[in-house]
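Undergrad: Number 159 in the working numbering belongs to position 154 of the sequence shown; there are no gaps in the numbering. Just so you know, even glycine gets a beta-carbon here, dropped at the ideal spot from N, CA and C.
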Amino acid sequence: MASAESAQECALCQVPATAKCGRCKNIWFCSELCQKTLWPVHKHLCGGDPNYFRQAPLSDREMNDIEAVKDTTACERDCKCNHGMNFRGNLTAYPGNARTILKSSPKILTKPNPRTDYRELCLLDVRRKLRDTYADQKRATPVSDPWMELEWFYNTANWALSNHHEPTFSRAEQEQMTAVAAQALNDWLRQALIYCQITDLGMQNSTMGFDTSPHTWIRLLCINWDRLVALLDKAEINAKAKAAIRKQMEQKQRGIDAMRWSRKAFWTGPAKHPKSKGAVTSFGLG
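(1) By the 10 Å Cβ neighbour count, where 16 or more other Cβ atoms means buried, how is Thr-221 classified, buried or exposed?
(2) DSSP three-state call for Lys-30: helix, strand or coil?
(3) With a threshold of 16 other CB atoms inside 10 Å of the CB of Cys-84, please say whether the residue is buried or exposed.
(4) Using the Cα positions of Asn-229 and Arg-133, report the straight-line distance between them to the nearest angstrom.
(5) CB-CB under 7 Å to Ala-165, same chain, minus the five flanking residues each way: which ones, in chain order?
(6) Roughly how far, in whole angstroms, is the beta-carbon of Asn-168 from the beta-carbon of Ala-186, given that I think they are within contact range, below 8 Å?
(7) Give me the Cα-Cα distance between Gln-40 and Cys-29, rounded to the nearest whole angstrom.
(8) For Ser-8, which three-state DSSP category applies?
(9) Using the three-state DSSP reduction, which class does Glu-241 fall into: helix, strand or coil?
(10) Return the residue from the list Pro-21, Gly-52, Gln-19 that minimises the CA-CA distance to Gly-27.
(11) Suppose you measure from the CA of Arg-224 to the CA of Ala-276; what does that come to, to the nearest Å?
(12) Straight-line CA distance for Thr-273 to Asp-70?
(13) Among Asn-31, Ser-36, His-49, which one has its Cα closest to the Cα of Pro-55?
(14) Name, in chain order, the residues that DSSP records as bridge partners for Ala-24.
(15) In terms of residue numbering, what span does the alpha helix (DSSP H) encompassing Asp-150 cover?
(16) Are at least three pairs of beta-carbons, each pair with one atom in the region 199-207 and one in the region 150-163, less than 8 Å apart?
(17) Does the beta-carbon of Phe-271 have 16 or more other beta-carbons within 10 angstroms, so that it is buried, or is it exposed?
(18) Can you tell which of Arg-265, Ala-263, Met-264, Asp-238 has the C-alpha that lies nearest to the C-alpha of Lys-252?
(19) When you compare the CB positions of Ala-42 and Leu-63, do they come within less than 7 Å of one another, or not?
(20) Taking the C-alpha atoms as reference points, what is the distance between Cys-227 and Asp-65?
(21) If you compare alpha carbons, which of Trp-193, Met-254, Asn-243 is closest to Arg-232?
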């Protein structure tokens, strides 16, 4: 990723990187520990086109959960998106077998294609619906899946690119924004995925007590959010679309600022992996 490479920092933490991923040579790490931590999400991008973002296929659990929501409405009635009202209709609207698309490898397209990317649209539709359904049921997501959380970032990018363009896009051109975002915001989406992975790991390891580990995860969350903001600033998209994305990120930014403000005084040195040697020192207690 461009941010880690340019600063020679690990893609996960702030320790100077020592090596790139041995397979794709596209992401820097300081240790095997950090590489293993990001591998669950990086493996779906590793070896693919480094300039084109692709989502992971649905997991078996996600595929099973589709059955429970396929006859529900796709969106709320006041929603202004173009997803339509019936979720089953969304799944059958794509050419070919929807289930084949949802389980397909992210490498089915070896080169970016400017036409509508049906695979990515289908995955976004399903993960948006599943994420909203889990939230409505007031229960935790039944699978640990940063890709589901990434849907918010990806759809935010699609919306901003579609609705903030001069001259105004036609409807057909609007439907191509998924493919455009996959290229124009490639680095930003890859960084968003790292942020989502750290968010998930931080929640898994959080405790109610004053414990070093969850606070260290929070520090990693903050620095990776800062990287995400910086990559949006550098993205080569029009100013209106960029401002629209930044506006949508404000609520998340306030949450990051609140977590940072109450802990920043304890942070010294570079942020490190919570399980690495010296992680306690990086929290300021060592």
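TA: The answer reads as follows:
(1) buried
(2) coil
(3) For Cys-84, the pLDDT reaches just 46, beneath the cut-off of 50, and the residue's location in the model is therefore unreliable, although a value from the coordinates is still provided. Under this definition Cys-84 is an exposed residue.
(4) 23 Å
(5) Ala-246, Ala-249, Ile-250
(6) Asn-168 to Ala-186, Cβ: 13 Å. No contact.
(7) 13 Å
(8) Here the model assigns Ser-8 a pLDDT of 43, short of 50, so the residue's position is not dependable, and the following value carries that caveat. Ser-8: helix per DSSP, three-state reduction.
(9) coil
(10) Gly-52
(11) 7 Å
(12) 44 Å
(13) Asn-31
(14) Phe-34
(15) Per DSSP, Asp-150 belongs to no alpha helix (DSSP H) and is neither H nor E.
(16) yes
(17) exposed
(18) Asp-238
(19) Residue identity check: residue 42 is Thr in the sequence provided, not Ala. For Thr-42 and Leu-63, no; Cβs fall outside 7 Å.
(20) 31 Å
(21) Trp-193
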